[in-house]
Every structure is written in structure tokens, then in C-alpha cells.
Amino acid sequence: MDHTFRDLLLAGLILFILLILPGLIPIWHLGYSMAAAVVLGLVALWAGRNGR
Numbered sequence: 418m419d420h421t422f423r424d425l426l427l428a429g430l431i432l433f434i435l436l437i438l439p440g441l442i443p444i445w446h447l448g449y450s451m452a453a454a455v456v457l458g459l460v461a462l463w464a465g466r467n468g469r
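According to my numbering, the stretch in the sequence shown is residues 418 to 469, in order.
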């Protein structure tokens with residue numbers, strides 16, 4: 418798979434999580450903190466995989 422396509426897919430997934438997750442969880446702050454944690458985890462995984 419092309420790296421650019423994977424990056425776009427990851428960005429789309431992050432945007433989807435940021436937009437949808439707070440709507441699914443009634444408590445807005447909890448939703449955003451969870452979304453931030455997921456995004457940070459994905460970014461850390463992605464950076465670690467690219468760093469090798």
C-alpha cells in the first residue's frame with residue numbers, strides 16, 4: 418500500500434473519531450479526552466513504525 422494513501426486514511430480515521438466519538442458519548446469532556454487518547458496512541462504507533 419502507498420504511504421501517502423495510508424497517511425490520508427489515518428488522517429480520515431482521526432477526523433472521524435474526533436467528530437463521531439464526542440457525539441456518541443453524552444459527556445463531552447470524556448468524549449474529547451478519549452478521542453485525544455486514541456489519536457495520541459495512533460500517532461505514537463505510526464511514528465514508531467515510521468522511525469524504524
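Ideal placement from N, C-alpha and C gives every residue a C-beta, glycine not left out.
For residue j and residue i, the rounded distance between their alpha carbons
| i | j | result |
| --- | --- | --- |
| Ile434 | Leu459 | 11 Å |
| Ala452 | Leu462 | 15 Å |
| Leu430 | Ile437 | 10 Å |
| Ser450 | Asp419 | 31 Å |
| Trp424 | Ala454 | The sequence shown places Asp at residue 424, rather than the Trp named in the question. So the two alpha carbons sit approximately 19 Å from each other. |
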